[in-house]
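S.K.: Could you have a look at this structure, given as structure tokens, before my questions?
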Amino acid sequence: MNGNSVYNVVELIGTSSQSWEHAAATAIEEASRTLRDLRVAEVIEQDVLIEDGRVSLFRTKVRLSFKHESVLEG
Amino acid sequence: MSGPAHGQVHKVIRVVGTSSTSWEAAARNAVDEAARTISELRAATVTRRDVALGRDGTLLYRLELETTFQLDRSRQTASGASYQVRRYLIIANQTLCSERLRAEIAQREAAGPAEFHILVPQAPRPTGQMTNALDMGPVAVATDEDRAVARQEATERLRMLRAELADLATQPTGEVSLTDPLEAARRTFEYGSFDEILLSTLPAGFSRWLRLDLPSRLERAFDVPVVAVVHDADSASVD
Chain S
48 MNGNSVYNVV ELIGTSSQSW EHAAATAIEE ASRTLRDLRV AEVIEQDVLI
98 EDGRVSLFRT KVRLSFKHES VLEG
Chain Y
6 MSGPAHGQVH KVIRVVGTSS TSWEAAARNA VDEAARTISE LRAATVTRRD
56 VALGRDGTLL YRLELETTFQ LDRSRQTASG ASYQVRRYLI IANQTLCSER
106 LRAEIAQREA AGPAEFHILV PQAPRPTGQM TNALDMGPVA VATDEDRAVA
156 RQEATERLRM LRAELADLAT QPTGEVSLTD PLEAARRTFE YGSFDEILLS
206 TLPAGFSRWL RLDLPSRLER AFDVPVVAVV HDADSASVD
């Protein structure tokens, strides 16, 4: 994040029945469909959902930053 | 990533799971263990993780999870109507699978919405010996095997009672504890609250629990009514 740039920051939660890694990848893949220039995704929270006493879903919350593009730049 | 609903009282607990393969397996282990004693778990958040190095050089993944469960007595039906439950703690071991106890449970179930938690305290019968430094002769100690036997026996009794109570409106939760009943109950009260304790014992002459005056000690310790379900003299072992 050097230079005189402005970045947007969004938080997303990805889910997976297998692992937190897979949950994070799901969130990032979804974000990359609409956002360009994704650089870093920071894991900020992980949890599990529980159903009938068993882990049913792994969830990873990631913070993504991407370059803010003004209308003039486009 | 969301909190309790408005107006409810929840208790926060932390559990630690370990696994030699992955964080995910560590989380599953922690949740499986917690769910044995606490029903109604919905979600758990990772609060801490570290890696321990085992004696044989393998890695042990350790994960701390924070979770909450509902402490108050209000429950909701599927249609959203609110109602209150009464919570009962059943403490029993030798007399766990008896007609007498089942009748007491059925009576409370019939009186209104109820939740039952079964605690089976089973202290291991020590077969090992240890000589202490003061030369006071050998002292009996419980070996790992004694503990395994005690756990297996108690778990089997718990499994049988839960199977017999399968038609209760709310499935009873249950746990086994390898300590004396008072200490075991203390741990149970750490994560739950109860309106009444049902203490199931052997007949007066045979019951160690009654000799120790366990009913009044429990009542003093936790400030809830204790009902002693004393069985008839048709069995002659100890609690």
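Going line by line, the protein sequences match chains S and Y. Read in order, the letters of the first sequence are residues 48 to 121 in the numbering used here. Read in order, the letters of the second sequence are residues 6 to 244 in the numbering used here. All C-beta atoms in this analysis are idealised placements derived from N, C-alpha and C, irrespective of residue type, glycine included. Keep in mind the model is a prediction, meaning the values are calculated, not measured.
Compare the Cα-Cα distances from R110(S) to each of Q65(S), L104(S), V53(S), G61(S) and report the closest residue.
M.R.: For this step, residue 110(S) is matched to residue 63 along the first sequence. When each option's Cα is compared against that of R110(S), the closest is G61(S).
S.K.: Give, in chain order, every residue of the stretch 63-83 of chain S whose Cβ lies closer than 7 Å to some Cβ of chain Y.
M.R.: Answer set for the stretch 63-83 of chain S: S66, W67.
S.K.: Figure out for me which residue from G197(Y), S24(Y), A233(Y), A171(Y) has the closest Cα to the Cα of P220(Y).
M.R.: For the purposes of this step, residue 220(Y) is taken as residue 215 along the second sequence, with counting starting at 1. Minimum Cα distance to P220(Y) is reached at A233(Y).
S.K.: Going by other Cβ atoms of all chains shown within 10 Å of its Cβ, with 16 needed for buried, is V125(Y) buried or exposed?
M.R.: As a first step, residue 125(Y) must be located in the second sequence, where it is residue number 120. With 16 or more other Cβ atoms within 10 Å, it is buried.
S.K.: Note the first and the last residue of the continuous beta strand (DSSP E) segment covering H15(Y).
M.R.: Taking the first residue of the second sequence as 1, we reach residue 15(Y) at position 10. 15-24 is the extent of the beta strand (DSSP E) around H15(Y).
S.K.: If you measure from the beta carbon of L96(S) to each beta carbon in chain Y, is any gap under 8 Å?
M.R.: Position 49 of the first sequence, counted from the start, is the residue given in the question as residue 96(S). Yes, contact with chain Y.
S.K.: At the 8 Å Cβ level, is E29(Y) part of the contact set with chain S, yes or no?
M.R.: Residue numbering aside, residue 29(Y) sits at position 24 when the second sequence is read from its first letter. Interface residue, yes.
S.K.: In the stretch 85-169 of chain Y, which residue ranges form an unbroken alpha helix (DSSP H) of at least 4 residues, counting only runs that do not cross its ends?
M.R.: 104-116, 149-169, all fully within the stretch 85-169 of chain Y.
S.K.: Does DSSP classify N51(S) as helix, strand or coil?
M.R.: Reading the first sequence from its first residue, position 4 is the one you call residue 51(S). In the structure shown, N51(S) sits in coil (DSSP, three-state: anything other than H, G, I, E or B).
S.K.: Quick one: what does DSSP say S240(Y) is sitting in, helix, strand or coil?
M.R.: Position 235 of the second sequence, counted from the start, is the residue given in the question as residue 240(Y). Residue confidence for S240(Y) is low, a pLDDT of 47 falling below 50, so the modelled location carries little weight; the figure read from the coordinates is stated next. Coil.
S.K.: On the premise that D237(Y) lies in contact with P208(Y), defined as a C-beta separation below 8 Å, what is that separation, rounded to the nearest angstrom?
M.R.: Working through the second sequence from its first residue, we reach residue 208(Y) at position 203. Working through the second sequence from its first residue, we reach residue 237(Y) at position 232. Confirmed, about 6 Å.
S.K.: Measure how close the beta-carbons of V51(Y) and Q93(S) come, nearest whole angstrom, since I'm counting them as under 8 Å.
M.R.: On the second sequence, position 46 is the one that residue 51(Y) refers to. On the first sequence, position 46 is the one that residue 93(S) refers to. That belief holds up - the Cβ atoms of V51(Y) and Q93(S) are roughly 4 Å apart, short of 8 Å.
S.K.: Given that G100(S) touches chain Y, what residues does it touch there, using C-beta distances under 8 Å?
M.R.: As a first step, residue 100(S) must be located in the first sequence, where it is residue number 53. Here the neighbours are V36, D37, A40, R41, S44, L46.
S.K.: Please determine, among E45(Y), T42(Y), E69(Y), D61(Y), the residue with the shortest C-alpha to C-alpha distance to T23(Y).
M.R.: Numbered from 1 along the second sequence, position 18 holds the residue referred to as residue 23(Y). Out of E45(Y), T42(Y), E69(Y), D61(Y), E69(Y) has the C-alpha closest to the C-alpha of T23(Y).
S.K.: Let me make sure I understand the geometry here. Which of T26(Y), Y88(Y), Q81(Y), T42(Y) has the alpha-carbon closest to that of D99(S)?
M.R.: Locating residue 99(S) in the first sequence gives position 52, where the first residue counts as 1. Out of T26(Y), Y88(Y), Q81(Y), T42(Y), T42(Y) has the C-alpha closest to the C-alpha of D99(S).
S.K.: The alpha helix (DSSP H) that contains I43(Y), what's its start and end?
M.R.: Taking the second sequence and counting its residues from 1, one reaches residue 43(Y) at position 38. First-last for I43(Y): undefined, no H or E at that position.
S.K.: Please name the residues in the stretch 92-119 of chain Y whose beta-carbon is closer than 8 Å to at least one beta-carbon of chain S, in chain order.
M.R.: Within the stretch 92-119 of chain Y, no residue has a Cβ that lies closer than 8 Å to any Cβ of chain S.
S.K.: Any beta carbon from chain Y within less than 8 Å of E89(S)'s own beta carbon?
M.R.: For this step, residue 89(S) is matched to residue 42 along the first sequence. So, not an interface residue.
S.K.: Can you give me the Cβ contacts of T148(Y) inside the same chain, cut-off strictly under 7 Å, excluding the 5 residues immediately before and after it?
M.R.: Looking up residue 148(Y) in the second sequence gives position 143. Excluding residues within five positions, the ones whose Cβ falls inside 7 Å are T132, G133.
S.K.: Quick check on E58(S) - is its C-beta less than 8 Å from some C-beta in chain Y?
M.R.: If you number the first sequence from 1, residue 58(S) lands on position 11. Not an interface residue.
S.K.: Between the stretch 70-86 of chain Y and the stretch 96-104 of chain Y, are three or more C-beta pairs nearer than 8 Å?
M.R.: In short, these stretches do not touch, since the Cβ pair count stays below three.
S.K.: What are the partner residues of S30(S), as DSSP defines its beta bridges?
M.R.: A query on residue 30(S) cannot be resolved here, the shown segment of chain S reaching from 48 to 121 and no further.
S.K.: What's the call for N55(S), buried or exposed, on a 16-neighbour Cβ count within 10 Å?
M.R.: Indexing the first sequence from 1 puts residue 55(S) at position 8. Exposed: under 16 other Cβ atoms inside 10 Å.
S.K.: Any beta carbon from chain B within less than 8 Å of F113(S)'s own beta carbon?
M.R.: Of the chains in the structure shown, none is chain B; the protein chains are S and Y.
S.K.: Can you tell me whether I91(S) is buried or exposed, with buried defined as 16 or more other CB within 10 angstroms of its CB?
M.R.: Here residue 91(S) refers to the residue found at position 44 of the first sequence. I91(S) should be labelled exposed.
S.K.: Quick check: is the beta carbon of E116(S) nearer than 8 Å to any beta carbon in chain Y?
M.R.: In the first sequence, residue 116(S) corresponds to position 69, counting from 1. No, its Cβ sits nowhere closer than 8 Å to a Cβ of chain Y.
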